[in-house]
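Participant: The sequence shown lines up with residues 579 to 1107 when you count with my numbering. Even glycine gets a Cβ: it sits at the ideal position worked out from N, Cα and C. Everything numeric in this text was worked out from a predicted model, so none of it was measured.
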Amino acid sequence: MVAGVLLLAAYAKGERPYVYAGWFCLVPWLVVWGRCRTMKELFTLVAVGSAAFMGLAFPWFSAAVSAYTGWPPFLATAVLSAASVFLEPQFFVLAAVWYCLRRCPSSVARTTPPSLALFAAAAYVASEEIAPTKILADSLGLGLWPVLEWAQAADLGGVPLLTFALLFANACIACTWEDLMSRRWCRGAILTLALAAATPASLWLYGTWRLRTVEVAASRVDRPYEFRIGLVQGNISHYDRLREQMGTFGAVRYILDRYLGLTQTLPVEADLWAWPETVYPTTFAKPKSHDGLLFDREIAAFVQRHQRPLIFGAYDRDDLREYNAAFALLPEPGGGMRIQVQRKLHPFPFTEHVPQWLDSGWLRERFPWLGTWSPGTELDVVEMRGRDGTRFAVAILLCYDAILREPARLAAGAGADVLLSLSNDSWFESGTGKRWALVASAFRSIETRKPQVRVTPTGISAVIQPSGDVHVLVPQGVEGAALARVELGPGNATFWVKWGAWLPWVSVLGTSLPLGLWARRRLQSSAKL
579 MVAGVLLLAA
589 YAKGERPYVY
599 AGWFCLVPWL
609 VVWGRCRTMK
619 ELFTLVAVGS
629 AAFMGLAFPW
639 FSAAVSAYTG
649 WPPFLATAVL
659 SAASVFLEPQ
669 FFVLAAVWYC
679 LRRCPSSVAR
689 TTPPSLALFA
699 AAAYVASEEI
709 APTKILADSL
719 GLGLWPVLEW
729 AQAADLGGVP
739 LLTFALLFAN
749 ACIACTWEDL
759 MSRRWCRGAI
769 LTLALAAATP
779 ASLWLYGTWR
789 LRTVEVAASR
799 VDRPYEFRIG
809 LVQGNISHYD
819 RLREQMGTFG
829 AVRYILDRYL
839 GLTQTLPVEA
849 DLWAWPETVY
859 PTTFAKPKSH
869 DGLLFDREIA
879 AFVQRHQRPL
889 IFGAYDRDDL
899 REYNAAFALL
909 PEPGGGMRIQ
919 VQRKLHPFPF
929 TEHVPQWLDS
939 GWLRERFPWL
949 GTWSPGTELD
959 VVEMRGRDGT
969 RFAVAILLCY
979 DAILREPARL
989 AAGAGADVLL
999 SLSNDSWFES
1009 GTGKRWALVA
1019 SAFRSIETRK
1029 PQVRVTPTGI
1039 SAVIQPSGDV
1049 HVLVPQGVEG
1059 AALARVELGP
1069 GNATFWVKWG
1079 AWLPWVSVLG
1089 TSLPLGLWAR
1099 RRLQSSAKL
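#1: Nearest to G785 by alpha carbon, out of L850, P1053, P1044?
#2: Apart from the five residues just before and just after S705, which ones in its own chain have a Cβ nearer than 7 angstroms to its Cβ?
#3: Look at the alpha carbon of P845 and the alpha carbon of R1027, and state the distance between them as a whole number of angstroms.
#4: Just to check my reading of the structure: S999 and R1032 have Cβ atoms closer than 8 angstroms, yes? What is that Cβ distance to the nearest angstrom?
#5: If we count Cβ pairs, one from each stretch, closer than 8 angstroms, do we get three or more for the segment 808 to 815 versus the segment 764 to 780?
#6: Determine the extent of the beta strand (DSSP E) in which P909 is found, giving its start and end residues.
#7: Less than 8 angstroms between the C-beta atoms of K1012 and L976, yes or no?
#8: Report the rounded CA-to-CA distance for E593 versus M632, giving the unit in angstroms.
#9: When you compare the CB positions of T1089 and A673, do they come within less than 8 angstroms of one another, or not?
#10: Is V597 near G721, with beta carbons less than 8 angstroms apart?
#11: In three-state terms, what does DSSP make of E756?
#12: List the endpoints of the continuous alpha helix (DSSP H) containing I833.
#13: Run through the DSSP bridge pairs and tell me what H931 is partnered with.
#14: Does the segment 817 to 832 come close enough to the segment 1074 to 1089 to have 3 or more Cβ pairs within less than 8 angstroms?
#15: Residues bridged to T861 by DSSP?
#16: Measure the beta-carbon distance from L739 to A732 and round it to whole angstroms, keeping in mind my assumption that it falls under 8 angstroms.
#17: Do L1110 and F862 have their CB atoms nearer than 8 angstroms?
#18: Any idea what DSSP makes of R969, helix, strand or coil?
#19: Just how far apart, CA to CA, sit V686 and L679?
#20: Which residue or residues does DSSP assign as beta-bridge partners of E1065?
#21: From which residue to which residue does the alpha helix (DSSP H) around I877 run?
Below is the structure:
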């Protein structure tokens, strides 16, 4: 169990050479689970292992929770480790399926290791998809990003396909190991091991071919125009501390001066300016005070004076609710200005949004840091013109929306040419959390084959190619402005864009059959007794 925890924690670093551990990191756990004598023993081992994995692999999230809530670091780590049963439920589902199918005397999965490996991988992927508590959106497949050839298959089935491949290879190796330890080394074991080796090899071959085809398609595109987005990273965080030091007016004045000043340093050929999520810490176009009205007018006048579109993060509200949102200010040739609003579809659980059925005065009294924003309902694509008159479609993904798979898929299906991610990852105290957010965004470009520009307040601001390759423009902890040059790719929809999360739901159906047979035989055995 210790070996399994250490291998998983190493793989969770998400860099070479640890990425190769993904193909065998779960083997120790699977071997131990297969030898458990009771379900109680099994789940005790799973609970201890997943809690240890949570503490070792996600210290950056514990630090973020500690900084946000004010809890001591040890308390944040202890709470998250204890909550691993909810945050990482896929380990428990995998263990239960593995344990049950290994003990079903007449099951095909028991006598045929490849079928057992298929069922185990399907159970893992299915549980990740349907578990409502999987708020970190983490998956083993994300760890393959350092080897871009392995990552390219995400355009077929998203990250779940990569996770499925990893689980299948791990389960095949575990079955081979058990055969070796039981002195059952035979032709079947050799075949199972060959399947495990063929899995990463197949991904590599597909990825190598796909990278070449994407390159060739980009060179033959009918629209070779280069879209240029001027992004600004102000390196300002902890707005609450600014308000305490300067007051509300002084804090907003300080933030705007920084971003307006940096924006004016951008080259004149920029087609669009972009600022991060919640960079403007109040509502826009619906001011709450006279000072807010003046700030709104200043931003609008800046856009009209330079005749350059600006997309930035702020807040929106209606008669009942307030929303985390992005505003696109689009100057018109006649002197007017069009405003388009994109509300955040998925506010981060608890820190930004609390479900209505759970929200109460009692809860907020004990956890005053709980968020009050509501989720948006639609993803709209912003149509705009480049400097030469060419029309473009930009999809705005706000922070957590860029981490999840579905918003990017919907944007690509709606005809977006570019994904623009406005993030606020300043609440990650360490660079590891920021990097994982960037990796998740990179997979959104691989899945949709759309270029992406990511702008954050404190780093990492970057441009992401359709291959998932990342070019950092403004590193972490630095203020600056940079011009992201994006070449628009072909408009063909990928298999993932057309069919979405097909693999997890196929996995749900595929797992239900063997488990149903196992349960039926158990009931029949109990009835005979």
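Facilitator: Reading from the atomic positions:
#1: P1044
#2: P667, Q668, V671
#3: 27 angstroms
#4: 4 angstroms
#5: no
#6: 900 to 909
#7: no
#8: 18 angstroms
#9: no
#10: yes
#11: helix
#12: 817 to 841
#13: P927
#14: no
#15: Y893
#16: 7 angstroms
#17: Residue 1110 lies beyond the residue range present for the chain, which begins at 579 and ends at 1107; the question has no answer from this structure.
#18: strand
#19: Low confidence applies here, because V686 scores a pLDDT of 47, under 50, leaving its location unreliable; read the following figure in that light. Rounded to whole angstroms, V686 to L679 spans 9 angstroms at the Cα level.
#20: E804
#21: 868 to 884
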